[in-house]
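Below is one structure, written out as structure tokens, with a few remarks after it.
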Amino acid sequence: MKATRIFFGIVVVIIGALWLLSNFNLITVSTLLELWRYWPLLLILWGLLLLLHKDSTERAGWWGLFFLVGVVILIVIMGFVFMFSPWFSHFSRRGRHVRTIDTAIENIYAAERMRLELKLQTGELLLSAHNGEPLVAMQIQAVEEPKITHRQYGKLAEIFVEDQELKLENQVSRWHFSLPKNVPAEIICHIGATDANLDLTELPVEKFEMHTGAGDLTVKLPQINSEIDIHTGAANVLIYIPQNVGVRLKADGALLNVDGKNSVISLGDRRYESKDLEGKEAIVDINVAAAAGSITLRSN
Numbered sequence: 002m003k004a005t006r007i008f009f010g011i012v013v014v015i016i017g018a019l020w021l022l023s024n025f026n027l028i029t030v031s032t033l034l035e036l037w038r039y040w041p042l043l044l045i046l047w048g049l050l051l052l053l054h055k056d057s058t059e060r061a062g063w064w065g066l067f068f069l070v071g072v073v074i075l076i077v078i079m080g081f082v083f084m085f086s087p088w089f090s091h092f093s094r095r096g097r098h099v100r101t102i103d104t105a106i107e108n109i110y111a112a113e114r115m116r117l118e119l120k121l122q123t124g125e126l127l128l129s130a131h132n133g134e135p136l137v138a139m140q141i142q143a144v145e146e147p148k149i150t151h152r153q154y155g156k157l158a159e160i161f162v163e164d165q166e167l168k169l170e171n172q173v174s175r176w177h178f179s180l181p182k183n184v185p186a187e188i189i190c191h192i193g194a195t196d197a198n199l200d201l202t203e204l205p206v207e208k209f210e211m212h213t214g215a216g217d218l219t220v221k222l223p224q225i226n227s228e229i230d231i232h233t234g235a236a237n238v239l240i241y242i243p244q245n246v247g248v249r250l251k252a253d254g255a256l257l258n259v260d261g262k263n264s265v266i267s268l269g270d271r272r273y274e275s276k277d278l279e280g281k282e283a284i285v286d287i288n289v290a291a292a293a294g295s296i297t298l299r300s301n
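In the numbering used here, the protein residues as written are 2 to 301.
Pasting the structure below:
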């Protein structure tokens, strides 16, 4: 076995592990980009293997050392992955100085529609309605203030809230966003691991999209025709359905359990819908894709 063969074998294992974690949303794209800074470790490994490689009859004794060096470097790299992983941040909440940011984006250009995009690391997410005029009112508790961008195209307002550059410290934050009751909205959320409580009951949310690694999600559905997409590695999703709202649910996941509790009927092929669907005032289409977890539906 050649040194280069060992090296490329270790590289393939690392790429496969990162790819698998990314597919299950256990690490984010920003985490992968941050880890790329440590690629010189692979060159160090390759150099060590080349230096220690011999063609003599004693070379068999070196393979144990080669393997040990490779394992050590692999453990170091995977340790960084684990530190950056939202799973680690979610379950390891170390005390740090947390800032509280209260701010709002006013509707000064009379926007009639809104698109809100959130890119957050790990923490607790709350979403609700408010009676005021601001497009978004925010109360954020975090180590660093997020980047907030507001643009407007005609009557469409676009608002972006993004955590600052990923640090080695585990950052667990709390975000509370409240939206007006009279502005139709599309919400897209990318978050590491989260406990989310989303009260959309009084909000005209036409589309809601959630990408998360793991956590518990509680969603109170809006009372208008809407579409909700949830993509997660592992999560428990609790959905409250207003009396005047019907749902069509599509669940995708081998280890995903669905509990309708007399709220929905099964149509087969992991599809469910409300009883008396045609008699409802509004219909919400829900798509949940998860590697593992549960979906619980209850009448509100």
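Virtual Cβ for every residue (Gly too), placed ideally from N, Cα, C. Being a predicted model, the structure only gives us computed values, none of them experimental.
For residue i, is the classification buried or exposed, using 16 other Cβ atoms within 10 angstroms of its Cβ as the cut-off for buried?
| i | result |
| --- | --- |
| Pro21 | A small fix is needed here, since residue 21 is Leu in this sequence, not Pro. Answer is exposed; the Cβ neighbour count stays below 16. |
| Gln244 | exposed |
| Ala255 | exposed |
| Asp164 | buried |
| Ser264 | buried |
| Val285 | buried |
| Thr195 | buried |
| Leu119 | buried |
| Ala111 | exposed |
| His98 | exposed |
| Ile188 | buried |
| Gly10 | exposed |
| Leu278 | exposed |
Among the options, which residue has its Cα nearest to the Cα of residue i?
| i | options | result |
| --- | --- | --- |
| Ala236 | Thr213, Val285, Thr123 | Thr213 |
| Glu134 | Thr123, Leu43, Met115 | Met115 |
| Leu298 | Leu278, Val248, Gly155, Arg271 | Val248 |
| Arg100 | Asp196, Ile106, Gln140, Ala18 | Gln140 |
| Val162 | Ala111, Ala197, Ala105, Asp196 | Ala105 |
| Glu228 | Ile287, Val13, Ile102, Val14 | Ile287 |
| Lys262 | Asn301, Asp230, Leu121 | Asn301 |
| Gly193 | Ile102, Asp277, Gln122, Ala293 | Gln122 |
| Arg6 | Pro41, Trp40, Gly48 | Gly48 |
| Gln142 | Tyr154, Asp103, Thr150 | Asp103 |
Is the CB-CB distance between residue i and residue j below 8 Å?
| i | j | result |
| --- | --- | --- |
| Arg152 | Glu159 | yes |
| Tyr241 | Val259 | no |
| Phe178 | Val137 | yes |
| Leu199 | Leu128 | yes |
| Gly216 | Arg175 | no |
| Lys182 | Leu201 | no |
| His232 | Leu180 | no |
| Glu207 | Pro185 | yes |
| Ile225 | Ala290 | no |
| Ile296 | Leu257 | yes |
| Ala18 | Leu126 | no |
Leaving aside the five residues before and after residue i along the sequence, list all residues of the same chain whose C-beta is less than 6 Å from its C-beta, in chain order.
| i | result |
| --- | --- |
| Glu113 | Lys156 |
| Asn108 | Glu134, Leu136 |
| Ala223 | The identity of residue 223 in the sequence shown is Pro, whereas the question assumes Ala. For Pro223, where only same-chain residues beyond five positions count, the Cβ hits under 6 Å are Leu201, Leu204, Val206. |
| His191 | Lys120, His212 |
| Ala293 | Ala235, Leu256 |
| Glu210 | Ile189, Asp230 |
| Thr219 | Asn198, Leu239 |
| Trp40 | none |
| Thr150 | Phe161 |
Run through DSSP, which three-state label would residue i get?
| i | result |
| --- | --- |
| Ala111 | coil |
| Glu187 | strand |
| Gly155 | coil |
| Glu279 | helix |
| Ala18 | helix |
| Arg271 | coil |
| Gly254 | coil |
| Pro41 | helix |
| Gly133 | coil |
| Val289 | strand |
| Val13 | helix |
| Gly261 | coil |
What residues in its chain sit with their C-beta under 7 Å from that of residue i, if we drop five residues either side in the sequence?
| i | result |
| --- | --- |
| Leu43 | Val12 |
| Arg271 | Lys251, Ala252, Asp253 |
| Ile266 | Tyr273, Glu274, Lys276 |
Skipping 5 residues on each side, what residues in its chain have a beta carbon closer than 8 Å to that of residue i?
| i | result |
| --- | --- |
| Lys281 | Asn245, Val246, Gly247, Ser275 |
| Ala148 | According to the sequence shown, residue 148 is Lys rather than Ala. Phe161, Val162, Glu163, Asp164, Gln165. |
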